[in-house]
Amino acid sequence: MRKIKIFDTTLRDGEQSPGCTMNLAEKLEMAAELDKLGVDVIEAGFAICSDDDFNAIREVSKVVENAKLVSLARCNKKDIDRAYEALAEAKHPMLHTFIATSDIHLKHKLEMTREQVLETIKESVSYAKTKFEFIEFSAEDASRSDKDFLVQAYSAAIENGATTINVPDTVGYTTPLEMAELIKYLKANVKGIDNVDISVHCHDDLGLSTANSLSAVLAGATQVECTINGIGERAGNTSLEEVVMGIKTRKDFYDAYTDVNTKRIYKISKLLSTISGMVVAPNKAIVGANAFAHEAGIHQHGVLKERSTYEIMNVEDIGIPQNKMVLGKHSGKHAFKDRIESLGYDIDDRALEEAFIKFKNLADKKKIVTDTDIEALLIGNNASVENPMYTLKSFMVNDSDSISSFASVSILDNKENIVEAIGKGNGPIDAAFGAIDSLTSNRAKLVNYSIQAITEGEDALGEVIVRLSSDDKTVIGRAVSTDIIEASLMAYINGLNKL
Ligand SMILES: [Zn+2]
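Structure below.
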């Protein structure tokens, strides 16, 4: 069987998607989790793009042990130098350099001739080779480029030291058959291609990114670029979980495998949706809430008799908690810790203490605490604010359909002062947020507010995610509670603490 490498770009291409910006703590948590997931390559950012990106790559370098760590760079010395600096402490550094090759991009974006592009590739890849052992070269917009020019571009990159050539379908334009033909054509014509990895990077504008990637694998690609939950520019990137489970479930067909530990897929999917605020659609393949739900009577009957009648994958293989054991208010810290560990979380003593207090509070309100509840208490916790500026102390809301809503909120600041204010607004949440704004002199704008039930039943935990933006900064605030107003206030305050 052939090994297919997984190149994850959640932290670079994924983070570029609207509203998906992550702060440093969140990126670090994601990077550590990606490394545990077993991906071969992690693209951590675009070093020259901003100081934030540069710092993130630097810090991520310290937590990634096994995967190759990549910074993106355009084909020029300045970009390459900056990437090299950012990756100085990476255990396995790698450069990803790119230039567009399609006539549309040459004419309208680069204003360069094909000869100039070829010259640039030679110069920059050979320069990069003086600093990096591993270099990936991407021909941006490859799927809309002239095939013979692509052959020249990739041949030049390999000749000058590229160890991976990447074939991006930058605008999500290609089709599975066309992608396979392109890979075969490149394999037959690019000089030295047998000695390098052939990578594909597909976007999902027409809903074909996974199909195009897998088709490329069949035609000889050895690496797929993807993101968790398929986040990314516009309609997103190829989703990692679909490619990995596609290859695993149909290894008879692809005759290939990946090194991804699939049992960690669900956890990382959940982590990303929590910290990015990008909720996964219930019908999303592999990780959607309904991906393993059987509604039709005939299907239920079949699955109960023999799982494989209607299920092609094992829920356990993806690491979805099965609620096999429940905890209650009499459960001790030991049982709680056991449960946490069996869910795949490594937790230090401080975090355990915090989580246990939350668990006890929850157990007082809910008779039965399920794995999903515990997960909701834990996830994204490492990215929580360590010494929060504000903490919610108490609140009271008064809501009516005939007069304005009023809220009285008191918060504790980091100097142990309790301050209180009253807000008036259009509904209880608006009124309470107004009170918090006046207490914190907040000028950030609430861009998005979402609420969803995490578990079933009337005592379900509600999860609130708010997106706040001020100047050039956007943050996500999140909280869970059995009381949705409390969850809303805590999420709002969590966002302000991050700002
Ligand atoms: Zn992309």
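So the sequence shown is residues 34 to 532, counted in this note's numbering.
Just so it is clear, CB atoms sit at the ideal spot from N, CA and C, and this is done for glycine as well.
Predicted, not measured: the structure shown is a model, and the values here were computed from it.
The Cβ neighbour count for H334, taken over all protein chains shown within 10 Å, is under 16; the residue is labelled exposed. Beta-bridge analysis with DSSP links M429 to S441. I436 sits in coil when the DSSP states are folded into three classes, being neither helix nor strand. Between the stretch 165-177 and the stretch 125-144 there are three or more C-beta pairs closer than 8 Å, enough to call the two in contact. Proximity to I345 across M55, A326, S437 and A100 peaks at A326, based on C-alpha coordinates. The Cβ-Cβ distance between A116 and V96 does not fall below 8 Å. Of the residues assessed, A221 falls on the exposed side of the cut-off, its CB having fewer than 16 other CB atoms within 10 angstroms. When distances are taken from the beta-carbon of P201 to the heavy atoms of ligand 1, the shortest one is below 7 Å. Beta-bridge pairing by DSSP links Q485 to E496. Contact between V312 and E274 fails: their C-beta atoms lie close to 15 Å from each other, not under 8 Å. At a cut-off of 4 residues, the continuous stretches assigned as alpha helix (DSSP H) that sit fully inside the stretch 317-349 are 330-338. Here M34 is exposed, its C-beta having fewer than 16 other C-beta atoms within 10 Å. For H129, the distance from the CB to the nearest heavy atom of ligand 1 is not below 7 Å. In the DSSP assignment, N270 is bridged to H236. In its chain, beyond the 5 residues on either side, V402, D406, L410, L494 and T515 have a beta carbon closer than 8 Å to the beta carbon of L395.
In the DSSP assignment, F170 forms a beta bridge with T130 and I198. Secondary structure of R297 (DSSP, three-state): helix.
DSSP places G78 in the uninterrupted beta strand (DSSP E) bounded by V74 to G78.
Just so you know, the alpha carbons of G377 and I231 end up roughly 33 Å apart. With fewer than 16 other CB atoms across the displayed protein chains lying within 10 angstroms of its CB, A368 is exposed.
Distances between the C-beta of G265 and the heavy atoms of ligand 1 include at least one below 7 Å. Boundaries of the alpha helix (DSSP H) harbouring Q185: K180 to E192, taken from the DSSP string. Annotation: the stretch 394-424 contains no complete segment of the beta strand (DSSP E) (minimum length 3 residues). T291 is classed as buried because its beta carbon has at least 16 other beta carbons within 10 Å across all chains shown. Taking a contact as a CB-CB distance under 8 Å, the pair I264 and S309 counts as one, their CB atoms being some 7 Å apart. Pairwise C-beta distances place the stretch 147-157 in contact with the stretch 96-115, as three or more of them are shorter than 8 Å. The beta carbon of F466 lies closer than 6 Å to those of Y525 in the same chain, with the five residues before and after it left out.
By the neighbour-count criterion, in which 16 or more other beta carbons inside 10 Å mark a residue as buried, N527 falls on the buried side.
Proximity to I455 across I462, N447, V442 and E449 peaks at V442, based on C-alpha coordinates. Secondary-structure assignment with DSSP links C259 through a beta bridge to D41. Between the C-alpha atoms of I444 and S427 there is a straight-line separation of about 7 Å.
Between the stretch 246-265 and the stretch 208-227 there are three or more C-beta pairs closer than 8 Å, enough to call the two in contact.
In terms of Cβ geometry, K457 and S471 do not form a close pair [threshold 8 Å].
When distances are taken from the beta-carbon of N270 to the heavy atoms of ligand 1, the shortest one is below 7 Å.
Just so you know, the alpha carbons of G52 and E339 end up roughly 43 Å apart.
V480 and S50 have their C-alpha atoms spaced approximately 16 Å apart.
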